[in-house]
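A.B. asks: First residue of the sequence shown: 25, per the working numbering; consecutive thereafter. First the structure, which I've put down as structure tokens, then a few questions once you've had a look.
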Amino acid sequence: MAVDESSPQTERIELPSFDLSGKTAVVTGGSRGIGKAIALTLASHGANVAITCYTGCKFAEDVRNHVCELGPKSHYYAHDVGNPDEVRKMADEVLADFDKVDILVNNAGITRDRSFKKMTREMWDSVIAVNLTGVFSVTKAFIDGMADNGWGRVVNVSSIVGEVGNFGQANYAAAKAGLLGFTKSLAREYARKGVTVNAIAPGFIRTRMTAEVPEKALEAVTNMTPVGRLGEPGEIAAGVLFLVSPAASYVTGHVLDVNGGMSMGG
Ligand SMILES: NC(=O)c1ccc[n+]([C@@H]2O[C@H](COP(=O)([O-])OP(=O)(O)OC[C@H]3O[C@@H](n4cnc5c(N)ncnc54)[C@H](OP(=O)(O)O)[C@@H]3O)[C@@H](O)[C@H]2O)c1
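Structure (structure tokens):
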């Protein structure tokens, strides 16, 4: 079909909106690192934010207070994302406090790194339970409510490691790669219900997680990264903001790489 560029119709361009006023977001692992940056970024664009935490609830309290200073409503909830009963209880509490959830950011995650030769079954199980099954449980608790309301956003925090693998991270890479298949499948299932499902794949970001990585290994990462430095949590939060915003209404089943160019290879 030909497009008539001279028609006034084609000149009316809808400007992208990043306004999240009136929306409620759940950010798992919002107590620190990338999750904290996501919670504050979404709140600074008007979203109410439910933050979940596990061992760092005193940090979650600070994030909750910071969100409230920005204006939106916020509460934090202690739970183990790897325990389905605790996830159900957390979801009930969130829905009692906020009535509905429009945005879910599955961010909580752990590492238990070891070469495969030395990796124990416990290290495998704990990473899969939190990073993959935990995402299943939390998504199960909220996504159908979004579909019933005809609008929703799910963003799963994967990793470049889920795309290319990493020495000593077979468990983590398997979980993060699993998230990509999960994301694309749900994107197809919910596309006609107004719910988009996307993933973000950070490179190496300066948080507690990378503080455990030996300095020499981080130096090697920096050398492999075209921009020549580690990323900051706010740089991931900016990508999440785009994916959950009204501006990204036509983006679903996408994996957004935010890694300083690392995935181009060298
Ligand atoms: N940093 C990176 O370079 C990088 C790169 C790629 C992807 N990622 C991913 O980004 C996400 C955030 O990582 P981060 O770097 O910000 O790490 P972080 O600073 O260690 O934060 C991890 C968050 O997950 C929460 N969490 C951990 N285990 C949990 C559990 N069992 N139940 C509920 N919450 C739990 C923590 O809560 P508490 O503090 O309350 O225990 C914390 O808020 C993770 O999914 C990670 O895999 C990170």
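Virtual Cβ for every residue (Gly too), placed ideally from N, Cα, C.
1) Applying the criterion that 16 or more other CB atoms from any shown protein chain within 10 Å of the CB defines a buried residue, is P226 buried or exposed?
2) To the nearest angstrom, how far is it from the Cα of V129 to the Cα of V282?
3) Quick test of your reading: N155 and Y196, contact by CB under 8 Å. State the CB separation rounded to the nearest angstrom.
4) Shorter than 6 Å, the distance from the beta carbon of F206 to the closest heavy atom of ligand 1, or not?
5) If you draw a straight line from the alpha carbon of D77 to that of G192, how long is it in whole angstroms?
6) On the three-state DSSP scale, how would you describe N190?
7) Which complete alpha helix (DSSP H) runs does the segment 139-188 hold, if anything under 4 residues is left out?
8) Could you check if S45 belongs to the surroundings of ligand 1, using beta carbon to heavy atom distance under 6 Å?
9) Report all residues from its chain with a CB closer than 8 Å to the CB of T135; omit the five preceding and five following residues, and keep chain order.
10) Grouping DSSP H, G and I as helix and E and B as strand, with all else coil, what is S45?
11) Between A71 and the rest of its own chain, which residues show a CB-CB distance below 7 Å, the 5 nearest in sequence each way excluded?
12) Here's a check: name, in chain order, each residue in its chain whose Cβ is nearer than 6 Å to the Cβ of G174, leaving out the five neighbours to either side.
13) Considering only heavy atoms of ligand 1, does any lie closer than 6 Å to the CB of F140?
14) Using the Cβ count rule (16 or more neighbours within 10 Å means buried), how would you classify V105?
15) Alpha carbon to alpha carbon, how far is V275 from T246? Give it in angstroms, no decimals.
16) Would you kindly report the start and end of the unbroken beta strand (DSSP E) that includes V105?
17) I want to know whether the segment 205-218 touches the segment 248-262 - three or more CB-CB distances under 8 Å.
18) In this structure, how does DSSP classify H90 when only helix, strand and coil are distinguished?
19) What distance in whole Å lies between the Cβ atoms of P40 and A271, which are believed to be in contact at a cut-off of 8 Å?
C.D. replies: Looking at the atomic coordinates:
1) By the Cβ neighbour-count rule, P226 is buried, with 16 or more other Cβ atoms within 10 Å of its own.
2) CA-CA distance, V129 to V282, rounds to 16 Å.
3) Indeed they touch by this definition, with Cβ atoms about 7 Å apart.
4) No, the beta carbon of F206 sits no closer than 6 Å to any heavy atom of ligand 1.
5) Here the sequence assigns Cys to residue 77, which means Asp is not the residue at that position. C-alpha of C77 to C-alpha of G192: approximately 26 Å in a straight line.
6) Here DSSP, grouped into helix, strand and coil, assigns N190 to coil.
7) The segment 139-188 is shown to contain whole alpha helix (DSSP H) runs of 4 or more residues at 145-152, 158-173 and 184-188, in chain order.
8) No; taking the cut-off as 6 Å, the Cβ of S45 has no heavy atom of ligand 1 nearer than that.
9) When the five nearest sequence neighbours on each side are left out, the beta carbons in the same chain lying within less than 8 Å of the beta carbon of T135 are those of V151, Q193, Y196, M233 and E236, in order along the chain.
10) Residue state, collapsed to three classes: coil.
11) For A71, the CB contacts under 7 Å within the same chain, skipping 5 residues up- and downstream, are L44, K47, T48, A49, P96 and I127 in chain order.
12) Cβ within range, chain order: G218.
13) Checking every heavy atom of ligand 1 against the Cβ of F140, none is found closer than 6 Å.
14) Taking every protein chain shown into account, the CB of V105 has 16 or more other CB atoms within 10 angstroms, so this residue is buried.
15) Cα to Cα, T246 sits roughly 30 Å from V275.
16) Under the DSSP assignment, V105 falls outside any beta strand (DSSP E); it carries neither an H nor an E label.
17) Between the segment 205-218 and the segment 248-262, the count of Cβ pairs shorter than 8 Å is below three; the stretches do not touch.
18) Here H90 sits in helix by DSSP.
19) For a cut-off of 8 Å, the C-beta gap from A271 to P40 is around 4 Å, short enough to register as a contact.
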